[in-house]
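Here is the structure we will look at, set down as structure tokens.
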Amino acid sequence: MSSLDVALKDMMSIDGAIGVAVVDYESGMALGQLGSSKTLDLQVAAAGNTEVVRAKLRTMEQLGLKDEIEDILISLAGQYHVIRPVTGRKGKGLFLYMALDRKRGNLALTRHRLREIEEHLDI
Numbered sequence: 011m012s013s014l015d016v017a018l019k020d021m022m023s024i025d026g027a028i029g030v031a032v033v034d035y036e037s038g039m040a041l042g043q044l045g046s047s048k049t050l051d052l053q054v055a056a057a058g059n060t061e062v063v064r065a066k067l068r069t070m071e072q073l074g075l076k077d078e079i080e081d082i083l084i085s086l087a088g089q090y091h092v093i094r095p096v097t098g099r100k101g102k103g104l105f106l107y108m109a110l111d112r113k114r115g116n117l118a119l120t121r122h123r124l125r126e127i128e129e130h131l132d133i
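Count along the sequence shown starting at 1, add 10, and that's the number in our numbering.
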């Protein structure tokens, strides 16, 4: 089983996970995805959140910020959408994406688990 498959399964094992993906933000394509929600199209989410990541990176560059994004959080009434860029040399240009049910998930624990998953991702 590849590191990508393991990462996706680990992400989906987080309480409240609705759908997850590992996305290439250069192309906007999901390298892998898991989820069973009929209301969440992970291909559309991957492409749309690619624009979010690109916009934030562009803004940081314009501001002269020499820092890395830990994660980007989008809070909806019923869900959290968490984007975590992969910082390791082997995952450069990728981000982890997770849609989390707000009632069932724990945001702090999710962020912690995504950090651990990202650290062990080897693509």
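Each residue gets a CB set at the ideal place from its N, CA and C atoms; glycine is no exception.
Only a predicted model underlies this, so the values are computations on that prediction, with no experimental measurement involved.
Membership of residue 16 in the alpha helix (DSSP H) is indicated by the continuous run 13 to 22. The C-beta of residue 31 has 16 or more other C-beta atoms within 10 Å across all chains shown, which makes the residue buried. Counting only residues of its own chain and dropping the five nearest sequence neighbours on each side, residue 112 has a CB closer than 7 Å to the CB of 88, 89 and 90. Within the DSSP secondary-structure output, residue 29 pairs in a beta bridge with 45 and 109. Scanning the region 48 to 106 from its first residue to its last, the whole alpha helix (DSSP H) runs of 4-plus residues come out as 52 to 73.
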